[in-house]
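Chemist: What follows is a single structure, and I will ask about it in a moment.
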Amino acid sequence: MDVYILKCVSSEHKSLHESANGFQYPELGYVEAPDFSSKAECGGGLHGFLWGKGNGSLASYSGSEIWKVIKVPDDENLIHIDREKVKFKGGTIVCSGTRKEATDFLRSLLPPEMVDKTIIGEFLQVGDTEKASGGDYSTVSGGDRSTVSGGHNSTVSGGHNSELRIRYYDGDRYRTTLAYVGENGIEPNQKYKLNKQFQFEKILKLK
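In case it helps, our numbering puts the sequence shown at residues 7 to 213.
Structural data, given as structure tokens:
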């Protein structure tokens with residue numbers, strides 16, 4: 007069974023991590039690590055997020071980076087590293103573009119049993135009374151009376167009478183902060199993130 011890996015690289019298609027010594031990825035097509043090692047440790051292979059799951063803080067969200075989706079022919083070729091990412095020898099880059107383009111493309115490839123799974127950095131939008139859940143660093147919005155959830159460092163917004171949720175890690179365990187549009191100053195269709203106190207805070211538009 008083919009599996010798909012989400013990968014973030016620089017605007018020049020180079021690895022973002024110093025240990026990779028500026029490894030150059032092609033825009034599309036086959037790519038292989040020249041120094042592959044089967045050890046379950048960083049280095050010695052290509053790295054990424056299997057089906058868009060893992061530690062989102064390992065990617066970049068500046069807006070200048072390029073996101074890729076890489077097809078690997080068999081999940082037996084994957085080495086899992088601390089549930090944060092996977093390592094593999096090689097695969098075929100089937101999508102290369104913005105974060106939204108790559109995560110949308112990956113979403114379209116999810117098998118039926120995974121359609122409810124979240125993806126790192128995803129952009130999601132649903133209508134009235136609908137539910138949406140994004141992974142870490144996602145941007146999620148909903149219509150009136152919607153339920154909108156995001157993972158760590160996500161941005162959420164909802165219409166009138168919506169419920170907003172953002173998950174975070176307090177150093178001990180994962181917790182979720184809730185807010186209700188129309189209560190305690192939470193405004194409809196306004197984007198929010200969590201501040202350092204894990205409370206909802208407006209994202210102000212740049213003038």
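Just so it is clear, CB atoms sit at the ideal spot from N, CA and C, and this is done for glycine as well.
Predicted, not measured: the structure shown is a model, and the values here were computed from it.
Is E107 helix, strand or coil when you go by DSSP?
Modeler: helix
Chemist: By a C-beta neighbour count over all protein chains shown, 10 Å radius and 16 as the cutoff for buried, is I209 buried or exposed?
Modeler: exposed
Chemist: Using only the alpha-carbon positions, how far apart do Y36 and I99 sit?
Modeler: 6 Å
Chemist: Checking the sheet assignment: what are the DSSP bridge partners for K13?
Modeler: According to DSSP, which records beta bridges pairwise, K13 is partnered with K74.
Chemist: Quick test of the definition: if touching needs 3 or more C-beta pairs under 8 Å, does the stretch 119-127 touch the stretch 87-103?
Modeler: Contact fails: fewer than three Cβ-Cβ distances are below 8 Å.
Chemist: By Cβ distance below 7 Å, which residues in the same chain neighbour L115 in space, the five residues on each side in sequence not counted?
Modeler: Y10
Chemist: Tell me whether D142 is buried or exposed, calling it buried when 16 or more other Cβ atoms sit within 10 Å of its Cβ.
Modeler: By the 10 Å Cβ count, D142 comes out buried.
Chemist: Could you check the C-alpha separation between R171 and G50 for me, to the nearest Å?
Modeler: Answer to the nearest angstrom: the Cα atoms are 38 Å apart.
Chemist: With a threshold of 8 Å on Cβ separation, who are the neighbours of Q131 within its own chain once the five nearest residues in sequence on each side are excluded?
Modeler: So the qualifying residues of the chain are A138, V146, S147 and G148.
Chemist: Using a 10 Å radius around the Cβ and a threshold of 16 neighbouring Cβ atoms, would you call K95 buried or exposed?
Modeler: Burial state of K95 is buried, judged by a 10 Å Cβ sphere holding 16 or more other Cβ atoms.
Chemist: Is DSSP giving G50 helix, strand or coil here?
Modeler: coil
Chemist: Between R181, N195, Q30 and K211, which has its C-alpha nearest Q203's C-alpha?
Modeler: R181
Chemist: Between which residues of its own chain and N83 is the CB-CB distance below 7 Å, once the five residues before and five after are set aside?
Modeler: Counting only Cβ-Cβ distances below 7 Å, and skipping sequence neighbours, we find F94 and K95.
Chemist: Spell out the partners DSSP gives Q131 in its beta bridges.
Modeler: S147
Chemist: Compute the Euclidean distance between the alpha carbons of C1 and T153, then round it to the nearest angstrom.
Modeler: Because the chain spans 7 through 213 in this model, residue 1 falls outside it and cannot be assessed.
Chemist: I'd like the span of the beta strand (DSSP E) that includes E38, first residue to last.
Modeler: Here the beta strand (DSSP E) through E38 covers G35 to E38.
Chemist: Compute the Euclidean distance between the alpha carbons of K20 and R151, then round it to the nearest angstrom.
Modeler: 43 Å
Chemist: Cα-Cα, which of C101, Y175 and K45 is closest to K13?
Modeler: Of the residues C101, Y175 and K45, the one whose Cα lies closest to the Cα of K13 is C101.
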